[in-house]
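Numbering (this note's numbering), first residue to last: 1 to 72. Beta carbons are placed, not taken as given, at the ideal position from N, Cα and C, and that holds for glycine. Notes follow once the structure below has been shown.
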């Protein structure tokens, strides 16, 4: 079975430091091309370390929450 690996890097200490990211709609459209059983992994450090995605690690936050953390 095919697996989907998203190679990502750490770009900053807050979301305001990220230059570009997909919207939820763009991600949904992209994932429509994959079978529903395709497992998704995150790759860090050019594939040296990996992680998974689960509902436990997804949290909806307001943009101002990130700004408040910077001020602390």
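Could you round the C-beta distance between residue i and residue j to whole angstroms and report it? I think they count as a contact, below 8 Å.
i	j	result
residue 43	residue 18	Actually they are not in contact, since the Cβ atoms of residue 43 and residue 18 sit about 18 Å apart, beyond 8 Å.
residue 1	residue 52	Rounded, the Cβ-Cβ distance is 16 Å, inconsistent with contact.
residue 46	residue 3	No, residue 46 and residue 3 are not in contact; Cβ-Cβ is about 17 Å, not under 8 Å.
Can you list, in chain order, the residues of its chain whose CB lies under 6 Å from that of residue i, leaving out five sequence neighbours each side?
i	result
residue 50	41 and 43
residue 62	none
Who are the Cβ neighbours of residue i in its own chain at under 8 Å, not counting the five residues just before and after it?
i	result
residue 8	42, 43 and 44
residue 30	22
Can you pull the DSSP bridge partners for residue i?
i	result
residue 87	This structure cannot speak to residue 87, because the chain is shown only from 1 to 72.
residue 3	39
Residues in its own chain within less than 7 Å of residue i by CB, not counting five upstream and five downstream?
i	result
residue 12	18
Discussion item. So within the stretch 10-38, which uninterrupted alpha helix (DSSP H) runs reach at least 4 residues, ignoring any that extend past its ends?
Written reply: 24-31
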